[in-house]
Amino acid sequence: MMFSKRIFNLIPLLCLLGCATITQTTDQRVGVSSSPTGADVWIDGVLVGKTPLRTNLSRKEDHMVRIELLGYLPYEAKFSRSFNAMTLGNVVVGGVIGLAVDAASGAIYRLTPSEISACLQKDGSGRMSTAELETCEDCFFFVTDKPEGTWEKVGTLTPTTTKTYTR
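Written out as structure tokens, the structure is:
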């Protein structure tokens, strides 16, 4: 009688251990960082913020990440879902029902990697971002009405009003 009472008391505990939705959520916290920092982070086509950042993503599906910063090549990576071995406890303890619940909710998966760190490469076009221009000490800009054929046009000046300045 004492033995069966102990077993009876252990059954709820065993059920809890076999269900991944109880031991982990259907979302996973992931990180995205870049060098240099301050790059736009797009996940599944939605702008979610600037690097560095941490966000929660559904474990149920893969997620495409795009990191963009003016003057640098875009960086693309993927958070991939993979089978989480913790859910095997459902087959032993919770049976097919527990496994089905975890599969439907996404708790059967985990996202890898848990962190994406991008080292952004200059785009090589020679163009500079506004931030780079503002801090550039060795930059020279010239305005001319007769450019040479080898010069690159980077902009056009348009008058807004006619004013005369004197020194």
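In my numbering, the protein residues as written are 131 to 297.
Every residue gets a Cβ at the ideal spot worked out from N, C-alpha and C, and that includes glycine.
Local Cβ density within 10 Å of residue i, reported as buried at 16 or more and exposed below that
i, result
"V195", "buried"
"Q158", "buried"
"V298", "For the chain, the structure presents residues 131 to 297; residue 298 sits outside this window and is missing."
"S164", "buried"
Whether residue i touches residue j by CB criterion (8 Å)
i, j, result
"S244", "V160", "yes"
"D170", "E206", "no"
"V162", "I246", "yes"
"R184", "S212", "no"
Through-space distance from residue j to residue i, alpha-carbon basis
i, j, result
"Y202", "T181", "14 Å"
"T280", "T291", "31 Å"
"C249", "P204", "10 Å"
"T242", "K276", "56 Å"
"E278", "T288", "20 Å"
"D253", "T156", "38 Å"
"T298", "A230", "Examination of residue 298 is not possible in this model, given that the chain is present from 131 through 297 alone."
"Q251", "T274", "32 Å"
Own chain partners of residue i with C-beta closer than 6 Å, once the 5 adjacent residues on each side are dropped
i, result
"H112", "As shown, the chain starts at 131 and ends at 297. That puts residue 112 outside it, with no answer to give."
Cβ shell of residue i (< 8 Å), same chain only, five flanking positions each side left out
i, result
"V88", "Here the chain covers residues 131 to 297 and nothing more, so residue 88 does not appear."
Close beta carbons around residue i, own chain, < 7 Å, minus the five adjacent residues each side
i, result
"N214", "A150, I238, Y239 and R240"
is_contact[residue i, chain D] using C-beta, thresh 8 Å
i, result
"Y202", "In the displayed structure, chain D is absent; only one protein chain is listed."
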